[in-house]
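Undergrad:
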Amino acid sequence: MEIDTAQIFQKFPNRRREDLIPILQSTQDIHGFLSEEIVNAVADYLEISANKIYGVATFYDNFRFGPVGRYHFRLCHGTACHVAGAATLLKELEKLLNVSDRETDKKGLFSLEVVNCVGACGLAPLIEINDQFYTNITLDKLKDLVGSIRDKENSTL
Amino acid sequence: MEFQIEVNNKLINVREGETLLSALREHGFKIPTLCHMNRFSPSGACRLCVVEVEGTRDLVTSCSSTVQKGMKVRTNSQRVIRARKALVELLLSNHPDDCLYCQRNGHCELQWLAGEMNVKERKYFARKNAFFPDYSSSSVARDPAKCILCSRCVRICEEVQLVTAIDFISRGNQTRVNSAFNKGLNVSDCIHCGQCIQVCPTAALLDIPHVDKVQAALGKKDRQVMFFISPSVVASVAEKSGMKPRQNVMHRIVAALRRCGAAKVFDLGAANDIHVLQEARMLAERLQSDVASPSPMISSCCPSLVRYVEEFRPQSVSALSLNKSPQQTLATLLKTIYAQHNGIEQEEIFTVAVMPCVAKKYEASLEKNTHKGVSEVDAVLTVREFFQLLRGFGLDLPHMEEEAPDEPYNTPSAAAWKLGYSGGKAEAVAHEVFNMMANPRKDSFKFNLPKNMTGKREIKINIGKKKVGFAWVSSIAEAESYLKQLDDQQRDDIHYVEVMACLGGCAGGGGQPISRGFEDARARKRFCIEMEKNSPFETAGENPIVQSVFKADKLAPDNDLALEWLNNRFKEQKDHGRKE
Chain A
28 MEIDTAQIFQ KFPNRRREDL IPILQSTQDI HGFLSEEIVN AVADYLEISA
78 NKIYGVATFY DNFRFGPVGR YHFRLCHGTA CHVAGAATLL KELEKLLNVS
128 DRETDKKGLF SLEVVNCVGA CGLAPLIEIN DQFYTNITLD KLKDLVGSIR
178 DKENSTL
Chain B
338 MEFQIEVNNK LINVREGETL LSALREHGFK IPTLCHMNRF SPSGACRLCV
388 VEVEGTRDLV TSCSSTVQKG MKVRTNSQRV IRARKALVEL LLSNHPDDCL
438 YCQRNGHCEL QWLAGEMNVK ERKYFARKNA FFPDYSSSSV ARDPAKCILC
488 SRCVRICEEV QLVTAIDFIS RGNQTRVNSA FNKGLNVSDC IHCGQCIQVC
538 PTAALLDIPH VDKVQAALGK KDRQVMFFIS PSVVASVAEK SGMKPRQNVM
588 HRIVAALRRC GAAKVFDLGA ANDIHVLQEA RMLAERLQSD VASPSPMISS
638 CCPSLVRYVE EFRPQSVSAL SLNKSPQQTL ATLLKTIYAQ HNGIEQEEIF
688 TVAVMPCVAK KYEASLEKNT HKGVSEVDAV LTVREFFQLL RGFGLDLPHM
738 EEEAPDEPYN TPSAAAWKLG YSGGKAEAVA HEVFNMMANP RKDSFKFNLP
788 KNMTGKREIK INIGKKKVGF AWVSSIAEAE SYLKQLDDQQ RDDIHYVEVM
838 ACLGGCAGGG GQPISRGFED ARARKRFCIE MEKNSPFETA GENPIVQSVF
888 KADKLAPDND LALEWLNNRF KEQKDHGRKE
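Written out as structure tokens, the structure reads:
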């Protein structure tokens, strides 16, 4: 996939070192992940070694280096969600989606990411699918959720 | 400003702003470290330099704290000693236990420290590091399992060589030193200088081994193994085996290699002379041509520099000297002229260069230095590997008899020794250019190298009516800032720039025996200067080998194949994320 990095770089005209993380964030927002081409383009733009940028990016969990699925599941595993059973949900979700943490399935349909507290502890446990939040999740709710997505995908085929 | 601090109930004088570590070491207190490097930013990664400072709750890392007035320090209290021992034990908890099979066995700082701290058993059990070693590069091998994350290699690559081919990847117990997207060093920005090997405290960074290859060739009946020894290798071999310049070190090396089964042993110094003369000839042509050349000629005998320019300074590729490096020149001459002269098939000759450099392994592997499957240089041994080879054959240099190197490449001039340290090559080339262009009876040649080994220097000498500027820098950081300055100020008074990628030139090369600090490099330079005084010829041009191999007027060999092979080209590459 081609990505117009020039458009993103426009927003950071000063080429400062401290722009690195904002640039990486906005490229990932558009592209979904950080590809080699992107890292090299950012390296050229900021005049920082690509190896250094990769080092910085791998320090933070938020950056991905491979594509996510069409349905990107983010399971909150903060303290409140953990107490409310997030560990069980994770096991079930891994079985349902057939992927584990920070993985994407071969069809590019599902991907899973375990995240730290998203700040909605009153609604624990919760799951985020493509920026949509599903709260007070139970095992049954989870099965229904995944099932409905699968049905939808099968019907559009 | 000086003031006093109290260390172990003793008062010592310290300078304001100095780090605690340097003050303590200056006064003879032994403080262990695994990550400290002189003149580098402190990283505080290994924490072995901890000391107890009265009034602070925790132990303090002495490398990253400055001396304060009224400080009371204890360097060997029970608490400090316990902490240091625990630190080493923790470092060992996930370190592979294969010291017996480790290349750095006996030269490993971690091993030494474990001995010093009296570590006798494994106290902490952790899963052993299991990372794949990386042997993809032609010069530098990495074994991340042995890495203790001290960051020395990362800092030297970034701060001295401006390359940053490696950095810390990932976080926590997953941290490792690697290049982007965990790719091999062969596709990284690495310039093969090998400084990372020099600073590595363990065996996480190593030479790509060529010893086995050489040993195998030595055992083959249909192979003639021809060694050539670089003058700066002679210096460090002498240092390592405790010999003095007058002990005729080169001749003992020759004897030792013949015992190993070498067919011929040559002195690369002779090729240095040829190289210097060629370089001077090219420079003189440039100076005499009417067209004013826009940029100075940059010496190209350092493969790391060439790689750096190709990768990061494409605008300077055209300024590189087209002269082939001494290693490739001599190998070329051996496989073409020498082979034809003596009726030896090219395939029979196995050329081995013994160099103070790991980048020479990379240079030897370049496609342009091979011809229809025949490589000019078949193997390159670093000084470390050279000793490995000798140890394997059970040879002890100081007890060898003296044997002269083989004809015709057997005698170096003083100029050849000058290539061993930063500034020397500029001086040798200047001398040749002077002899070519000036009227030596009227003018006098003056070129005094300063004692310092680093720092950018330039000098202008009057050659005939012309004022010619020579400059020399060592390390890529110095080279980059100097070349940038030349560009920015649009200076045209500098005509020749000698750049060596390692600090101090080849005396501080990446293939030299592992040494800490700069003292060893200085000693090697002193050795070279001592040898210069004893050389039979003062300048490269006086060396008869040059006349015998080359047509004196053209300085090109009288041999079509050799001419074709000596043709040197550089490639322009796209740069990734480099300062322009």
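Just so you know, the protein sequences line up as chains A and B, in that order. In this text, residue positions in the first sequence follow this note's numbering: the first is 28, and each later residue adds one. In this text, residue positions in the second sequence follow this note's numbering: the first is 338, and each later residue adds one. All residues carry an ideal CB built from backbone N, CA and C; glycine is no exception. No experiment lies behind these values; they were computed from the predicted model shown.
Within 10 Å of its beta-carbon, does ASP715/B have 16 or more other beta-carbons around it, so buried, or fewer, so exposed?
TA: So ASP715/B counts as buried.
Undergrad: Tell me whether the beta-carbon of ALA696/B lies closer than 8 Å to the beta-carbon of SER476/B.
TA: Yes.
Undergrad: Are ASN143/A and GLY93/A close, meaning C-beta to C-beta below 8 Å?
TA: Not in contact: ASN143/A and GLY93/A (Cβ atoms no closer than 8 Å).
Undergrad: Return helix, strand or coil for LYS783/B, following the three-state DSSP convention.
TA: In this structure, LYS783/B counts as coil in the three-state DSSP scheme.
Undergrad: Hey, could you find the ends of the beta strand (DSSP E) THR688/B is sitting in?
TA: Looking at the DSSP string, the run of the beta strand (DSSP E) that includes THR688/B is 686-692.
Undergrad: Quick one: which residues of the segment 502-522 of chain B get their C-beta closer than 7 Å to a C-beta of chain A? List them in chain order.
TA: Cβ contacts with chain A: ALA502, ILE503, ASP504, PHE505, ILE506, SER507, ARG508, SER516, ALA517, PHE518.
Undergrad: Decide yes or no for the touch test of the segment 479-498 of chain B against the segment 537-550 of chain B: beta carbon pairs closer than 8 Å, at least 3 of them.
TA: The answer is yes - the segment 537-550 of chain B touches the segment 479-498 of chain B, with three or more Cβ pairs under 8 Å.
Undergrad: Kindly indicate which three-state DSSP category VAL834/B falls into: helix, strand or coil?
TA: Here VAL834/B sits in strand by DSSP.
Undergrad: Go ahead and label HIS547/B buried or exposed: buried means 16 or more other beta carbons lie within 10 angstroms of its beta carbon, across all protein chains shown.
TA: That one is buried.
Undergrad: With DSSP as the reference, identify every bridge partner of HIS708/B, one or two as the case may be.
TA: BP columns for HIS708/B point to VAL711/B.
Undergrad: Using alpha carbons as the reference points, say which of SER658/B, VAL711/B, SER655/B, LYS698/B lies closest to GLU682/B.
TA: Among SER658/B, VAL711/B, SER655/B, LYS698/B, the Cα nearest to that of GLU682/B is on VAL711/B.
Undergrad: Exposed or buried, which one is ALA701/B when buried takes at least 16 other CB atoms within 10 Å?
TA: Buried, by the Cβ-count rule.
Undergrad: Do SER759/B and MET837/B count as a contact pair if the criterion is CB distance below 8 Å?
TA: The answer is yes: Cβ separation under 8 Å.
Undergrad: Rounded C-beta distance between LEU450/B and PRO369/B? I'm assuming under 8 Å.
TA: The pair is a contact, with the Cβ atoms about 6 Å apart (cut-off 8 Å).
Undergrad: Do LEU357/B and VAL388/B come within 8 Å of each other at the CB atom, strictly closer than that value?
TA: Going by C-beta atoms, VAL388/B is nearer than 8 Å to LEU357/B.
Undergrad: So for GLN405/B, helix, strand or coil by DSSP?
TA: DSSP places GLN405/B in coil when its eight states are reduced to three.
Undergrad: Using 8 Å as the limit for Cβ to Cβ distance, is LYS79/A near chain B?
TA: Yes, because at least one Cβ of chain B sits closer than 8 Å to the Cβ of LYS79/A.
Undergrad: I'd like the ranges of any alpha helix (DSSP H) spanning at least 4 consecutive residues and lying wholly in the segment 814-893 of chain B.
TA: You should have 856-871, 881-886.
Undergrad: Check each residue of the segment 57-73 of chain A: if its Cβ is closer than 7 Å to any Cβ of chain B, include it; give the result in chain order.
TA: Those residues of the segment 57-73 of chain A that come within reach of chain B (Cβ to Cβ, closer than 7 Å) are GLU63, VAL66, ASN67, ALA70, ASP71.
Undergrad: Beta-carbon of ASP526/B versus every beta-carbon of chain A: anything under 8 Å?
TA: Closer than 8 Å: yes.
Undergrad: Rounded to whole angstroms, what's the CA-CA distance from ASP825/B to PHE462/B? Just pull it up for me.
TA: So the two alpha carbons sit approximately 57 Å from each other.
Undergrad: Report the neighbours of GLY82/A on chain B: residues whose CB is nearer than 7 Å to its CB, in chain order.
TA: ASP504, PHE505, ILE506, listed in chain order.
Undergrad: Tell me the DSSP secondary structure of CYS103/A in three-state form.
TA: Three-state DSSP puts CYS103/A in a strand.
Undergrad: Which full runs of the alpha helix (DSSP H) of 4+ residues lie inside the segment 43-98 of chain A, going along the chain?
TA: Listed in chain order, they are 47-58, 63-73, 77-86.
Undergrad: May I have the straight-line CA-CA distance separating ARG721/B from PRO538/B, to the nearest angstrom?
TA: ARG721/B and PRO538/B: Cα-Cα distance of roughly 15 Å.
Undergrad: Assess contact between the segment 727-746 of chain B and the segment 589-600 of chain B, defined as three or more Cβ pairs (one per stretch) separated by less than 8 Å. Is contact present?
TA: Cβ pair count under 8 Å is three or more, so yes.
Undergrad: Closest to ARG906/B by CA distance: which of ILE866/B, GLU704/B, GLU744/B is it?
TA: Selected option, being the one with the closest Cα: GLU704/B.
Undergrad: Measure the alpha-carbon distance for HIS364/B versus ILE349/B and round it to whole angstroms.
TA: The straight-line gap from Cα to Cα measures roughly 7 Å.
Undergrad: Considering only residues of the segment 114-156 of chain A, which uninterrupted beta strand (DSSP E) runs meet the minimum length of 3 residues and lie entirely inside it, listed in chain order?
TA: 137-142, 154-156, all fully within the segment 114-156 of chain A.
Undergrad: Excluding sequence positions up to five away, which residues of its chain have a Cβ less than 6 Å from the Cβ of VAL173/A?
TA: Here the set comprises LEU123.
Undergrad: For chain B, find out if any of its Cβ atoms is closer than 8 Å to the Cβ of PHE36/A; answer yes or no.
TA: No, PHE36/A does not count as interfacial toward chain B.
Undergrad: What residues from chain B crowd round THR85/A, counting only those whose CB sits closer than 8 Å?
TA: Within 8 Å Cβ-Cβ: ILE506, SER507, ARG508.
Undergrad: Which residue's Cα is closest to the Cα of LYS38/A: LYS170/A, VAL95/A, ILE50/A?
TA: Taking only the C-alpha atoms, the option nearest LYS38/A is ILE50/A.
Undergrad: Could you tell me whether any Cβ in chain B is nearer than 8 Å to the Cβ of SER76/A?
TA: Output row for SER76/A: interface = yes.
Undergrad: Quick check on the DSSP output: the alpha helix (DSSP H) that includes VAL548/B runs from which residue to which?
TA: Here the alpha helix (DSSP H) through VAL548/B covers 548-555.
Undergrad: Keeping to the same chain, check which residues put their C-beta closer than 6 Å to that of TYR645/B; ignore five residues upstream and five downstream.
TA: Once the five neighbours on either side are set aside, the close Cβ partners of TYR645/B are ILE528, ILE813.
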